[in-house]
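**Student:** Taken in sequence, the protein lines are chains C and A.
Sequential numbering of the first sequence, starting at 388, is according to the working numbering.
Sequential numbering of the second sequence, starting at 878, is according to the working numbering.
Glycine included, each C-beta is placed from N, C-alpha and C at the ideal position.
The model shown is predicted, which means the values in this text are computed figures rather than measured ones.
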Amino acid sequence: MEELRKEMENLKDQITAVRKTFQDSTLQEAAAGVTVVGRVQLKTRKTLRGHLAKIYAMHWGTDSTLCVSASQDGKLIVWDTITTNKVNAIPLKSSWVMTCAYAPSGNLVACGGLDNMCSIYNLKGKDGNVKVMRELAAHTGYLSCCRFLSDTEIITSSGDCTCVLWDIETGTQKMVFAGHQGDAMSLGVSPDFKFFISGACDFTAKLWDIREAECRQTFGGHESDINAIGFFPNGNAVITGSDDATCKLYDLRADQELLTYQDPSIMCGVTSLAPSKSGRLLLAGHDDFNVNIWDMLKAERVGVLAGHDNRVSCIGVSSDGMACCTGSWDSFLKIWN
Amino acid sequence: MGWFKVSPLPLFNHISFSFLSVLPFLKIEDIVTLIQDEEEGVPIRTVKSFMTKIPSVVTGTDIVQWLMKNLGIEDPAEAMHIGSLIAAQGYFFPISDHVLSLKDDGTFYRFQAPYFWPSNCWEPENTDYAIYLCKRTMQNKTRLELADYEAENLARLQRAFARKWEFIYMQAEAQVKIDRKKDKTERKILDSQERAFWDVHRPVPGCVNTTEMDIRKCRRMKNPHRVKKSVYGLVEEGTQSQSPIHTPSHHCRKGTKEDVEKEIIFLNTQIDRHRMKMSKVAESRSYVDYDQFVTAQEPANPWTSDDPSLWELEASKEPSQQRVKKWGFSLEEALKDPAGQELFLKFLESEFSSENLRFWLAVQDMKRRPQQDVAQRAEDIWAEFLAEGAPSSINLDSHSYERTSQNLKDPGRYSYEDAQDHIYKLMKSDSYTRFLRSNVPGPADGKEESGHNKVYSGLTSNHPHIM
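1) Per DSSP, which residues does C:C712 bridge with? Please list them.
2) The alpha helix (DSSP H) spanning A:E835 covers which residue range?
3) CB-CB under 6 Å to A:D1076, same chain, minus the five flanking residues each way: which ones, in chain order?
4) Which runs of the beta strand (DSSP E) at least 3 residues long sit entirely within the stretch 625 to 675 of chain C? Give them in chain order.
5) So C:C498 is in the alpha helix (DSSP H); what residue range does that whole segment cover?
6) Give a yes or no on whether 8 Å exceeds the smallest Cβ distance from A:I1271 to chain C.
7) Got a sec, what are the start and stop residues for the alpha helix (DSSP H) A:I1045 sits in?
8) Taking the beta carbon of A:T1281 as the centre, do at least 16 other beta carbons fall within 10 Å, making it buried, or is it exposed?
9) Looking at chain A, which residues of the stretch 633 to 651 of chain C have a Cβ within less than 7 Å of any of its Cβ atoms?
10) Report buried or exposed for A:E1027, applying the criterion of at least 16 other Cβ atoms within 10 angstroms of its Cβ.
11) Per DSSP, which one or two residues make a beta bridge with C:T431?
12) Out of A:V1171, A:W1180, A:R1245, A:S1306, point me to the one whose CA is closest to C:R426's CA.
13) Would you give the residue range spanned by the beta strand (DSSP E) that A:F846 belongs to?
14) Please list the terminal residues of the continuous alpha helix (DSSP H) segment that includes A:D1242.
15) For C:F535, go through chain A and note every residue whose CB falls closer than 7 Å to its CB, in chain order.
16) C:A592 by DSSP, collapsed to three states: which one?
17) I want to know whether the stretch 945 to 958 of chain A touches the stretch 714 to 724 of chain C - three or more CB-CB distances under 8 Å.
18) At a CB distance below 8 Å, what residues from the stretch 953 to 965 of chain A approach chain C? Give them in sequence order.
19) Output, in chain order, the set of chain A residues within a Cβ distance shorter than 7 Å of C:C602.
20) For the stretch 507 to 534 of chain C, list every residue whose C-beta sits within 8 Å of some C-beta in chain A, in sequence order.
21) At a Cβ threshold of 8 Å, is A:D1298 touching chain C?
22) Taking any Cβ of chain A, which residues in the stretch 421 to 439 of chain C have a Cβ under 9 Å from it, in chain order?
23) Measure the beta-carbon distance from C:A592 to C:T627 and round it to whole angstroms, keeping in mind my assumption that it falls under 8 Å.
24) Return the residues of the stretch 1241 to 1257 of chain A that lie within a Cβ-Cβ distance of less than 8 Å from chain C, sorted by chain order.
25) Select from the stretch 1149 to 1161 of chain A all residues with a C-beta closer than 9 Å to any C-beta belonging to chain C, and list them in chain order.
26) If you check the beta carbons only, do C:A710 and C:V657 fall under 8 Å apart?
27) Output, in sequence order along the chain, the residues in the stretch 468 to 483 of chain C whose CB is closer than 7 Å to any CB in chain A.
28) Can you pull the chain A residues whose beta carbon is under 8 Å from the beta carbon of C:F409, in chain order?
29) Give the interface partners of A:L948 over in chain C, defined as CB-CB distance under 7 Å, in chain order.
30) Is the number of C-beta pairs between the stretch 1144 to 1161 of chain A and the stretch 415 to 424 of chain C that are closer than 8 Å three or more?
31) Check the Cβ-Cβ distances between A:D1136 and every residue of chain C, and say whether any is below 8 Å.
32) Using a Cβ distance threshold of 8 Å, determine whether the stretch 1222 to 1232 of chain A contacts the stretch 1194 to 1207 of chain A, with at least three qualifying pairs required.
33) Determine, using beta carbons only, whether C:N679 and C:L429 come nearer to each other than 8 Å.
34) Can you tell me the Cα-Cα spacing of A:E917 and A:I950, whole angstroms?
35) Who are the neighbours of A:K904 on chain C, taking C-beta pairs under 8 Å?
36) Hey, A:W1180 and C:R432 are a contact pair by Cβ (cut 8 Å); roughly how many whole angstroms apart?
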């Protein structure tokens, strides 16, 4: 066993060395000629009130006006963010919900948490009532994140260290993605829907080929749990946020880290992140109740969103890039731009 | 300090299970240690007031100034933010208030004893809290009087612990006895530190409880050995009912031999994988013009202007100049936009090669169908595009053709993956370039929008990334 571990460490060192040989430049050097984005000041345009307890997750619909949020008050709420009206308020069987997702079609929403299940709800049922359509059960740990590929497929990540691709029609597991050595905390789907990435409590991020159910790449470097992960808008890079209070940018083609976003005055872990539409800005939510805005190319902080009275647990940028939504343990969601 | 029944835990004894839980605290604790340093820290002193002396205090302003100077912070608001964070976790506290916040003025603050620091993973039980409140009522001191919310808490605890109240009362008396033996000044300091500890763990109603943990992290972090330590050294049997978030984790995944072997196999595949040089990767084309947060858009952002015309424009088939320009970035961008897709299709029809795009779109659609429909759709696609004499025959190389027909023996979502990739590459390198250079006719209704007709010319010169 010791021998095996030594071999593993040896291989890891070799890979690090090989990656170094491709470092003929850094992103900072390449971006030296680019001017820093000026100070970014976003204002709260709407506050969505209605949840009675901590909000753990939110997800924009693809139309950029509707979003869904999940709270420990045991409710899933679909909001019309413009009017701040609640389109649907769905009571959940288990109040320990940790994640929610909106299907690209707008027909379905999903959620899950300590019940170890992913529950799919049909918003467009015949009689107008929102009902549970499927309960996807097989995980042996909490459901940390879920994302739809379509109305028929969904990917989940779990505290049992695996991610799973489900067929919603039959309610069965199609693929299991195992490899993480710690709770899988978050996942993101590539723009072309062929890959997804997962961040875990083993401090690594993994890129998975959906079709082959294989891990294609692993990225390390963080010193603590990765809580949030997302694709860079062009799909060529991955952004992670960690309890070590930093965010990192990894390029898939270079197979290594490009930049770390950190500042000595930021001491609290990252809970959530979202890139702006162009990918020039990175918005990261932290335990210290703030959202930090980074210029992604220059790795400089260019703004702060302060407005929540408790930790920011989730964040999302609408698909048209017009607005950003934050959800917090203070039970409110805010729309900013 | 007689009431430390459990001796003060040195920080590092506790961390054998993991550094994870104390990582955020460690950074703050470095600051908290430095700020109290005799040489380099804030001036902590005894202040003479009315008829008494206030030991061991520092002003809010002193703290803010120190933070700015020693953490290199220029903005006082930023220093206030960090200071408030440190205060909220109880590392220092206002001597005359239960609310743990920092004010940049002459308000007096005192530092918390390391024994009570959050990194010691305290999860004090209600029995401890009851003892604490109880003993405060036993001493005839104004500074120890209970606040309203504390009196309410005490009443509630008396009801909840009715059966063992005698025990709690006795413990409280014992604590009072120990406290009395101490020096007056020392007692003032210790009492305030004890109160600040409880302000963190039983905060004033309306204040944020900074000890609340993310339920996903709960089970892994605190008290892995499930030993509940009492602030007052009581040894408790497990009479507390367990909340669902504290049930023992049944899936503690460790690196098994199999895991390591799998990892080794994976790592071996990674050593020689294809990698791009950083310099090449770092060439980044900027979509900044399209980013609402960076540059203002035309027409105005509906969120700020309450004018939804932008969304209406997006949804319409008459695209703006900027939207059209985007189609020139890549085939992917053009196909993402329904208007772009439609225009490209029209163009292909004019060249009699629309079957390529139609095939690609049909496969995309098939991939999203429910499982039971996939096989039928796959066959329909074969009949339409690939079979001998097919009405919309596409041009596949023999290799892809062979593979695809093999795949169709057991049709699935990815049966056409190779074929799709091939056709996509074909369109990208061939038709798409011509599409960009062409003069495309205006919108279908015949209206001629100025600028739209020759919109594609000149695009290629701006975008070296095409092709």
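**Tutor:** Walking through what the data contain:
1) C:G703, C:I722
2) The structure shown has nothing for residue 835 of chain A, since chain A only spans 878 to 1344.
3) H975, L977
4) 634 to 638, 643 to 648, 657 to 662, 668 to 673
5) No alpha helix (DSSP H) holds C:C498; the beta strand (DSSP E) holding it covers 495 to 500.
6) no
7) Annotation for A:I1045: the continuous alpha helix (DSSP H) segment containing it runs 1042 to 1057.
8) The residue is buried, with at least 16 neighbouring Cβ atoms inside 10 Å.
9) D638, R640, A641, D642, P651
10) Result: buried.
11) C:W723
12) The residue among A:V1171, A:W1180, A:R1245, A:S1306 with its C-alpha nearest the C-alpha of C:R426 is A:V1171.
13) Given a span of 878 to 1344 for chain A in the structure shown, any question on residue 846 of chain A remains unanswerable.
14) The continuous alpha helix (DSSP H) containing A:D1242 extends over residues 1231 to 1244.
15) Those within 7 Å of C:F535 in chain A number zero; the least Cβ separation is about 11 Å.
16) strand
17) no
18) Flagged, chain order: E955, H958, I959, L962.
19) Listed along chain A are F1143, each with a C-beta nearer than 7 Å to that of C:C602.
20) T527, G528, Y529, S531
21) no
22) V421, V424, G425, V427, L429, K430, R432, K433
23) 5 Å
24) Against chain C - using a Cβ distance shorter than 8 Å - the residues of the stretch 1241 to 1257 of chain A are K1244, R1245, R1246, P1247, Q1248, Q1249.
25) D1149, R1150, H1151, R1152, M1153, K1154, M1155, S1156, K1157, V1158, A1159, E1160, S1161
26) Taking 8 Å as the Cβ cut-off, C:A710 and C:V657 do not qualify as a contacting pair.
27) Listed by position along the chain: W483.
28) R1152, M1153, K1154, M1155
29) Below the 7 Å Cβ cutoff, chain C contributes P651, S652 as neighbours of A:L948, in chain order.
30) A contact exists between the stretch 1144 to 1161 of chain A and the stretch 415 to 424 of chain C.
31) yes
32) no
33) Not in contact: C:N679 and C:L429 (Cβ atoms no closer than 8 Å).
34) C-alpha separation (whole angstroms): 17 Å.
35) A632, M654
36) 5 Å
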